[in-house]
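Worksheet: one structure, shown below.
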Amino acid sequence: MVIQESMSIMEKLEILSDAAKYDVACTSSGVDRRGDGRGIGNSIAAGICHSFAGDGRCISLLKVLYTNECVFDCKYCINRASNEVARASFTPEEISRLTIEFYRRNYIEGLFLSSGVKNSPDETMEELIRSVELLRNQYHFQGYIHLKVIPGASPELIERAGYLADRLSVNLELPTAEGLKRLAPHKSRRTILRPMKQIQMRHGQNKEELALYRHTPKFAPAGQSTQMIIGATGESDYQILSVAESLYQQFSLKRVFYSAFVAVNEDKELPMLPQGPPLLREHRLYQADWLLRFYGFRAEELLSEKHPNFNLLLDPKCDWALSHLEQFPVEINTADYHTLLRVPGIGERSASRIARARRHHSLDFPDLKKIGVVLKRALYFITCNGKMMYPTKLDEDYILRNMLAPEEQFPVHFSEITYRQLSLFDDQFLSGDIGNSVIQTVQKPLGEGGF
């Protein structure tokens with residue numbers, strides 16, 4: 002451990018903001034709170050204060066560690082105790098002043114504060130709380146604050162933190178207890194899940210209190226989230242998604258974040274990643290997570306013990322649809338809202354628009370295009386007034402070939418193709434045309450009909 006003395010705040014900021022880049026659990030605030038006129042800043046539900054990216058992500062958020070000193074020696078972490086890296090720590094006065102000065106200069110509009118574990122969980126949590134107390138009470142900052150809870154900290158400290166921060170989060174670290182024991186032996190599932198349960202219960206009690214007493218202080222009004230590393234241990238997508246589903250059900254989490262494993266340390270327990278972090282797998286898990294939260298899917302519908310991993314060439318909804326062709330085609334003019342949500346190319350907004358529009362007249366394919374349905378994906382799975390858009394066949398190989406075509410196009414005529422299973426060793430795939438198309442498609446922002 003290399004601890005440097007007499008560092009300037011900017012030198013500390015350089016070290017600690019870089020150390021925070023592996024924590025992906027930043028999200029929109031999910032809370033509305035207008036300033037009361039006596040302080041500065043405010044927070045709105047769709048993001049951090051007033052700034053949003055075009056795809057809905059929040060921006061202008063100071064994301065930093067309080068300290069990268071740590072008593073734990075997690076094998077996957079750049080800040081583990083055994084690593085010889087430059088160490089730095091803020092003081093509560095430094096981090097609070099840095100945040101407010103950045104805010105006043107319009108550099109940021111909120112704070113995401115995490116930390117390594119310095120000396121003990123309670124000591125670190127106490128300093129994090131002191132930092133936020135200074136922001137709220139001395140500087141009267143009323144903007145968004147996301148605070149990481151240190152596993153093992155006392156319930157009293159977590160209670161205090163909840164009345165200061167808008168969102169709390171406890172990192173699950175790894176999907177299973179076995180993986181945690183192998184790669185982070187100083188941590189335990191119990192010390193991680195206990196604060197999650199406390200936050201959930203206190204948040205629920207606070208809602209009841211607010212219903213009775215309007216001026217009751219709010220406890221973590223934006224709820225809680227967590228993060229787990231993907232690809233450091235051998236869990237399947239089915240196991241990971243099942244864990245996420247359980248967390249949503251048992252702890253009322255707002256978000257589960259998936260972080261592709263980045264090999265920053267050399268250790269025999271860590272996997273070799275010659276092709277780099279599993280970013281495409283991470284992307285598919287985020288898409289599947291969206292299906293769990295907003296589309297009414299269950300983990301056991303999307304995957305199973307016999308089919309434990311997603312097809313990386315397809316988004317999870319298309320993958321599911323191809324495995325359940327017996328449920329298609331869906332008649333647009335009669336299917337209920339929840340059935341429409343399961344059609345590839347139809348998102349939440351387009352399903353709602355269809356349900357509203359068909360009250361007035363029967364819908365046809367030109368109407369669906371205006372509504373926002375991605376017809377090049379949906380046409381295989383829908384009918385309008387009993388007719389398909391083109392003569393197509395509900396055949397898995399046929400649909401898959403057209404979906405993976407080099408350019409998005411309407412299906413070729415039946416006589417022009419033969420049916421056989423697409424292979425990763427297919428000449429067409431090895432030529433790079435299809436592979437490049439898939440990668441380019443993955444890198445595009447998801448649109449309205451992204452699922």
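For the sequence shown, the numbering used here begins at 2 and goes up steadily by one. Ideal placement from N, C-alpha and C gives every residue a C-beta, glycine not left out.
When secondary structure is reduced to three states using DSSP, T100 falls in the helix class. Out of C385, H339, L169, G153, the CA that lies nearest to the CA of P222 is found in L169. For L313, there is no enclosing alpha helix (DSSP H), as DSSP marks it with neither H nor E. A check of alpha carbon separations from M202 across I241, H187, F252 identifies F252 as the nearest. In the three-state DSSP reduction, F258 falls in the strand class (E or B). Assigned with DSSP and collapsed to three states, C385 falls in strand.
Assignment of I347 by DSSP, reduced to helix, strand and coil, places it in the coil class.
DSSP places E270 in the coil class of the three-state scheme, outside both helix and strand. Contact annotation: Q225 and D24 have beta-carbon atoms that are not nearer than 8 Å.
Here D316 is buried: its Cβ has 16 or more other Cβ atoms, across all protein chains shown, within 10 Å. Excluding five sequence positions before and after V374, the CB atoms of its chain that fall closer than 7 Å to its own CB belong to G346, I347, S351, G450, given in chain order.
With respect to the C-alpha of I231, the residue from L271, K394, L254 having the closest C-alpha is L271. In this structure, the beta-carbon distance from F91 to A82 does not fall below 8 Å. Under DSSP, R168 forms a beta bridge with H147.
When only Cα atoms are considered, R190 and L242 end up about 18 Å apart. Rounded to the nearest whole angstrom, the C-alpha separation of E70 and D123 is 15 Å. Per DSSP, the beta bridge partners of S90 are T68. In the structure shown, F113 adopts extended strand secondary structure according to DSSP, grouped into three states. Distances from the CA of R131 to each of F103, L165, G117, G111 were compared; the closest alpha carbon is that of L165. According to DSSP, residue pairing for I230 in a beta bridge involves S260.
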